[in-house]
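K.L.:
Protein sequences, first through last, are from chains A and B.
Read in order, the letters of the first sequence are residues 4 to 259 in the numbering used here.
Read in order, the letters of the second sequence are residues 80 to 409 in the numbering used here.
Beta carbons: idealized from backbone N, C-alpha and C, even for Gly.
Everything numeric in this text was worked out from a predicted model, so none of it was measured.
The structure's right below; bear with me while I get my questions together.
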Amino acid sequence: MAATQVVRSEWTKIRSVASTVWTLSLAVVVTIALGMLISGLSANEFDNMSERDRLSFDPTFISFAGMSLGQLALIVFGVLVVSNEYSTGMIRTSLAAVPRRGTFLASKIAVATGLALVVGLATSFVTFFLGQAMLGEHRAEIGDPGVLRAVIGGGLYMALIAMFSMGVAAMLRSPMLSLGILMPFFFLVSNILGNVSATEKIGRYLPDQAGSKIMQVVTPVDDETPYGPWGGLGIMVLWVIAALVGGYVTLRKRDA
Amino acid sequence: MSRFSVGGMIELEGLTKRYGEKVAVNNLTFTVRPGIVTGFLGPNGAGKSTTMRMVLGLDHPTVGDVRIDGKHYDQLKDPLTYIGALLEAKAWHGGRSAFNHLLCLAQSNGIPRSRVRQVLETVGLTAVAKKKTKGFSMGMGQRLGIAGALLGDPRILMFDEPVNGLDPEGIHWIRNLMKSLAAQGRTVFVSSHLMSEMALTADHLVVIGQGRLLADTSMADFIERNSRSYVRIRTPQRERLLDVLHTAGTTAVESGDGTLEVDGSKAEQIGELAARHGIVLHELSPQQASLEEAFMQLTAESVEYHAHADTPRREQRQVQQSWGNEWRRS
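Have a look at this one:
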């Protein structure tokens with residue numbers, strides 16, 4: 004069975020359900036709108052900031068502030084792409100057509116990740132430019148050192164979040180269970196762990212905390228993070244690999 | 080001449096599936112052959128669907144093996160072109176249109192897009208091809224499942240309870256479809272929990288109960304062995320009647336409870352014969368063992384979910400009689 008056949012089939016699947024369109028549009032709109040809002044507020048706030056905060060002021064990173072909420076829509080996208088197969092019973096038809104489970108899962112993830120990457124990169128660039136427009140005189144330029152890396156990194160981050168969600172969904176199968184774990188984790192738990200000083204050191208190794216380092220251009224004052232932007236993305240990639248391996252093993256071993 | 084001269088065999092060998100303590104399928108060994116409709120019969124919960132899922136490689140056998148033309152399912156290149164299956168219940172995304180559902184299956188197996196339109200036409204869903212499948216009735220759902228099975232023009236077709244949810248017209252259609260597929264030389268393997276349904280369509284019969292093989296026989300043999308009609312007689316003058324019957328060239332068999340059973344004669348003839356010789360009869364009743372009864376007897380010990388014991392026995396028998404008779408009428 005040629006993998007290209009399966010990839011084409013997965014593309015038909017993903018483009019023919021409504022959830023793809025609404026989850027991805029939500030990710031785009033939320034990320035851009037919230038990014039613009041926070042950029043605008045930050046610009047107004049700049050004059051009242053302490054010297055320390057001004058030194059840490061990172062216009063690029065600020066314009067990506069909307070991603071903290073936008074990523075939730077990408078999580079829903081990733082979870083639904085995989086777990087819809089189980090909740091609808093489609094998985095039996097799918098695996099009867101493509102019995103090589105590795106080929107099946109790899110094709111599905113490749114297609115969904117490709118789509119998330121395209122949407123993520125576009126969102127990232129739009130968010131950056133609109134955010135910088137809101138920041139006015141405090142803005143960064145795309146040609147500034149590290150900025151292009153951060154903007155492209157924003158797209159990679161979105162694709163990786165979707166991949167991680169797909170891996171988790173392949174392990175858990177149920178959409179409700181997967182969302183019930185991933186949404187609070189990324190929205191609350193990770194933030195809490197990362198901001199409480201006692202758990203900060205652990206928190207910075209969580210996928211979203213590590214991965215979002217790629218969008219940072221200005222290193223905050225007193226920052227002790229032991230990895231750089233690419234190191235952080237690398238940590239996130241390790242999480243993604245772990246989730247995907249877990250998902251593959253589950254799919255391989257269990258009855259459909 | 081059949082279209083397919085070689086291939087089309089499903090071979091099960093010692094196939095066993097355990098879920099913890101519970102044995103769903105127990106050491107099944109049989110072969111499904113091309114050119115005929117093979118009925119896979121068993122009460123609900125007998126393990127039919129589990130067996131079919133193992134054929135497709137969806138469930139992994141605990142012990143044993145199942146092969147399609149000597150290969151494991153996951154070794155088949157473009158499996159939909161070897162074997163098409165209609166699985167129980169709906170097995171698709173309700174938000175996708177019928178056309179797109181079939182298109183993604185076709186693409187995964189290198190089947191041309193034109194074939195999707197063809198099978199939609201065959202099952203009569205062309206008019207609703209662009210509609211989301213969640214609005215489909217159960218009968219339309221069955222037709223979509225059958226379209227998926229036919230998609231790869233496979234030499235083996237496997238249908239799990241295909242008449243479920245179909246209206247009489249649909250049932251008629253699927254019966255004819257299965258027969259014509261077999262007549263083309265294809266292998267048709269169809270499950271049902273209704274003997275009457277099998278009697279109408281199947282040429283060969285595999286019966287299971289509680290996961291175990293109970294019978295693997297041709298339909299003709301099964302009918303011959305299990306559908307005899309006879310006349311039951313009770314008389315205080317047994318010896319005289321036996322003499323008279325013997326003289327008339329009729330053989331009577333003594334059954335356990337002291338009654339006589341005569342095969343292949345009309346009750347009227349025996350009654351008149353007895354009257355001519357002045358023999359008293361206490362009972363003279365035509366009897367018919369229905370196929371449904373034979374099936375019930377075969378599976379009686381293995382039925383997992385018994386009906387309530389206080390269900391009126393006679394009512395049950397009447398229902399069975401009419402089911403069993405159905406195959407004769409048509």
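Which of helix, strand or coil does DSSP assign to B/Phe238?
P.N.:
For the purposes of this step, residue 238 of chain B is identified with residue 159 of the second sequence, where counting begins at 1. Correct three-state label for B/Phe238: strand.
K.L.:
State the DSSP-derived secondary structure class of B/Gly203, mapped to helix, strand or coil.
P.N.:
Counting from 1 along the second sequence, the entry for residue 203 of chain B is found at position 124. Note: B/Gly203 maps to coil in three-state DSSP.
K.L.:
Chain A beta carbons: is any one of them nearer than 9 Å to that of B/Gln197?
P.N.:
Numbered from its first residue, the second sequence carries residue 197 of chain B at position 118. It does not; no Cβ of chain A falls within 9 Å.
K.L.:
What in chain A is Cβ-close to B/Pro113, meaning under 8 Å?
P.N.:
For the purposes of this step, residue 113 of chain B is taken as residue 34 along the second sequence, with counting starting at 1. Correct list: empty, because the minimum Cβ distance to chain A is about 20 Å.
K.L.:
Let me make sure I understand the geometry here. Which of A/Leu29, A/Arg257, A/Ile205, A/Ala136 has the alpha-carbon closest to that of A/Gly73?
P.N.:
One-based indexing of the first sequence puts residue 73 of chain A at position 70. Ranking A/Leu29, A/Arg257, A/Ile205, A/Ala136 by Cα distance to A/Gly73 puts A/Leu29 first.
K.L.:
With a cut-off of 9 Å, does the C-beta of A/Val20 fall near any C-beta of chain B?
P.N.:
On the first sequence, residue 20 of chain A is found 17 positions in, with the first residue counted as 1. Yes, because at least one Cβ of chain B sits closer than 9 Å to the Cβ of A/Val20.
K.L.:
Output needed for B/His224: all residues of its chain with C-beta closer than 6 Å, excluding positions within five of it in sequence on either side, in chain order.
P.N.:
In the second sequence, residue 224 of chain B corresponds to position 145, counting from 1. Going by the sequence as given, residue 224 of chain B is Gly instead of His. Excluding residues within five positions, the ones whose Cβ falls inside 6 Å are Leu165.
K.L.:
Please work out which residues of its chain come closer than 6 Å, Cβ to Cβ, to B/Leu360, disregarding the five sequence neighbours upstream and downstream, and give them in chain order.
P.N.:
Residue mapping note: residue 360 of chain B aligns to position 281 of the second sequence, counting from 1. If we look at B/Leu360 and ignore the five residues flanking it on each side, its Cβ neighbours are Thr314, Ala353.
K.L.:
Looking at C-alpha atoms only, which residue of B/Ser308, B/Pro158, B/Ala373 is the closest neighbour of B/Leu293?
P.N.:
Your numbering for residue 293 of chain B matches position 214 in the second sequence. When each option's Cα is compared against that of B/Leu293, the closest is B/Ala373.
K.L.:
What does A/Ser12 touch in chain B if you count any residue whose Cβ is under 9 Å from its own?
P.N.:
As a position in the first sequence, residue 12 of chain A is number 9, starting the count at 1. Within chain B, the residues near A/Ser12 are Leu182, Cys183, Leu184, Ala185, Gln186, Ser187, Asn188.
K.L.:
What residues in the region 106-121 of chain A bring their beta carbon closer than 9 Å to a beta carbon of chain B?
P.N.:
Of all residues in the region 106-121 of chain A, Phe107, Ser110 have a Cβ within less than 9 Å of some Cβ in chain B.
K.L.:
Can you list the residues of chain A that B/Leu137 reaches, using a CB-CB cut of under 9 Å?
P.N.:
Looking up residue 137 of chain B in the second sequence gives position 58. By Cβ distance, chain A contributes Ile94, Arg95, Leu98, Ala99, Pro102, Asp258, Ala259.
K.L.:
Just the Cα atoms here: how many angstroms apart are B/Asp153 and B/Gly86?
P.N.:
Walking along the second sequence from the start, residue 153 of chain B turns up at place 74. Walking along the second sequence from the start, residue 86 of chain B turns up at place 7. Going by the C-alpha atoms only, they are around 17 Å apart.
K.L.:
Taking three-plus beta-carbon pairs below 8 Å as touching, is the region 200-217 of chain A in contact with the region 178-185 of chain A?
P.N.:
At 8 Å Cβ cutoff, the stretches do not touch.
K.L.:
In whole angstroms, what separates the C-alpha of B/Asp336 from that of B/Ala327?
P.N.:
If you number the second sequence from 1, residue 336 of chain B lands on position 257. If you number the second sequence from 1, residue 327 of chain B lands on position 248. Cα-Cα distance, rounded: 24 Å.
K.L.:
Measure the alpha-carbon distance for A/Thr48 versus A/Met239 and round it to whole angstroms.
P.N.:
The residue given as residue 48 of chain A occupies position 45 in the first sequence. The residue given as residue 239 of chain A occupies position 236 in the first sequence. A quick correction: the sequence has Glu, not Thr, at residue 48 of chain A. So the alpha carbons of these two residues sit roughly 32 Å apart.
K.L.:
Can you list, in chain order, the residues of its chain whose CB lies under 8 Å from that of B/Asn404, leaving out five sequence neighbours each side?
P.N.:
Residue mapping note: residue 404 of chain B aligns to position 325 of the second sequence, counting from 1. Here B/Asn404 scores only 40 on pLDDT, less than 50, and its place in the model should not be relied on; the value that follows carries that caveat. Gln367, Ser369, listed in sequence order.
K.L.:
So, are the CB atoms of B/Leu155 and B/Ile190 less than 9 Å apart?
P.N.:
Sequence index remark: in the second sequence, residue 155 of chain B carries index 76 (1-based). Sequence index remark: in the second sequence, residue 190 of chain B carries index 111 (1-based). No, the Cβ-Cβ distance between B/Leu155 and B/Ile190 is not below 9 Å.
K.L.:
Reducing DSSP to helix, strand and coil, say where A/Tyr230 ends up.
P.N.:
By 1-based counting over the first sequence, the position of residue 230 of chain A is 227. Of the three classes helix, strand and coil, the one that applies to A/Tyr230 here is coil, per DSSP.
K.L.:
Going by beta carbon distance, what residues of the same chain come within less than 7 Å of B/Pro140, once the five residues before and after it are set aside?
P.N.:
Numbered from 1 along the second sequence, position 61 holds the residue referred to as residue 140 of chain B. Here the set comprises Leu94, Thr95, Lys96, Met133.
K.L.:
Would you list the one or two residues that DSSP bridges to B/Val285?
P.N.:
Counting from 1 along the second sequence, the entry for residue 285 of chain B is found at position 206. DSSP lists B/Phe119, B/Asp295 as partners of B/Val285.
K.L.:
Which residue marks the beginning of the alpha helix (DSSP H) containing A/Thr26, and which one marks its end?
P.N.:
Sequence index remark: in the first sequence, residue 26 of chain A carries index 23 (1-based). Taken as a continuous stretch (DSSP letters only), the alpha helix (DSSP H) holding A/Thr26 covers 21-48.
K.L.:
Counting along the chain, where does the alpha helix (DSSP H) carrying A/Lys204 start and finish?
P.N.:
Along the first sequence, one-based indexing puts residue 204 of chain A at 201. Its alpha helix (DSSP H) spans residues 203-206.
K.L.:
Just checking: is the beta-carbon of A/Thr15 within a distance shorter than 9 Å of some beta-carbon in chain B?
P.N.:
Against the first sequence, residue 15 of chain A aligns to sequence position 12. So yes, A/Thr15 belongs to the interface.
K.L.:
So who's on the other strand from A/Tyr261, going by DSSP bridges?
P.N.:
No answer is possible for residue 261 of chain A: it lies beyond the span of chain A, which begins at 4 and ends at 259.
K.L.:
In chain order, what residues of the same chain lie with their CB nearer than 6 Å to the CB of B/Gln397, ignoring the 5 residues before and after it?
P.N.:
The residue labelled residue 397 of chain B in the question sits at position 318 within the second sequence. Because the pLDDT of B/Gln397 is 38, which lies under 50, any placement of that residue in the model is unreliable, and the number read from its coordinates should be weighed accordingly. Result list for B/Gln397: empty, nothing under 6 Å.
K.L.:
Using 8 Å as the Cβ pair cut-off and three pairs as the minimum, do the region 185-199 of chain B and the region 106-126 of chain B touch?
P.N.:
No, they do not touch.
K.L.:
Once DSSP output is grouped into helix, strand and coil, what is the label at B/Ile89?
P.N.:
The sequence position of residue 89 of chain B within the second sequence is 10, counting from 1. In the structure shown, B/Ile89 sits in a strand (DSSP, three-state: E or B).
K.L.:
Look at A/Leu118 and A/Ile244 and say whether their C-beta atoms are less than 9 Å apart.
P.N.:
Translated into the one-based positions of the first sequence, residue 118 of chain A becomes position 115. Translated into the one-based positions of the first sequence, residue 244 of chain A becomes position 241. No, the pair does not count as a contact, with Cβ atoms beyond the cut-off.
K.L.:
On the CB-based measure, 16 or more other CB atoms within 10 Å of its CB, does B/Thr108 come out buried or exposed?
P.N.:
Taking the first residue of the second sequence as position 1, residue 108 of chain B is located at position 29. That one is exposed.
K.L.:
How big is the Cα-Cα spacing for A/Gly206 and A/Leu191?
P.N.:
Locating residue 206 of chain A in the first sequence gives position 203, where the first residue counts as 1. Locating residue 191 of chain A in the first sequence gives position 188, where the first residue counts as 1. Their backbone Cα atoms lie some 12 Å apart in a straight line.
K.L.:
Can you grab the Cα-Cα spacing for the pair B/Leu204 / A/Gly69, in whole Å?
P.N.:
Within the second sequence, the letter at position 125 stands for residue 204 of chain B. Within the first sequence, the letter at position 66 stands for residue 69 of chain A. Their Cα atoms are separated by approximately 46 Å.
K.L.:
With three or more beta-carbon pairs closer than 8 Å as the criterion, would you say the region 19-29 of chain A touches the region 52-64 of chain A?
P.N.:
Short answer: they don't touch.
K.L.:
Which residues in chain B sit within 7 Å of A/Thr91, going by Cβ to Cβ distance?
P.N.:
Locating residue 91 of chain A in the first sequence gives position 88, where the first residue counts as 1. Those within 7 Å of A/Thr91 in chain B are Trp171, His172, Gly173.
K.L.:
Roughly how many angstroms lie between the CA atoms of A/Asp56 and A/Trp233, to the nearest whole one?
P.N.:
If you number the first sequence from 1, residue 56 of chain A lands on position 53. If you number the first sequence from 1, residue 233 of chain A lands on position 230. Roughly 24 Å separates the two Cα atoms.
K.L.:
Are the C-beta of A/Val84 and some C-beta of chain B separated by less than 9 Å?
P.N.:
Taking the first residue of the first sequence as 1, we reach residue 84 of chain A at position 81. By this cut-off, A/Val84 is not an interface position.
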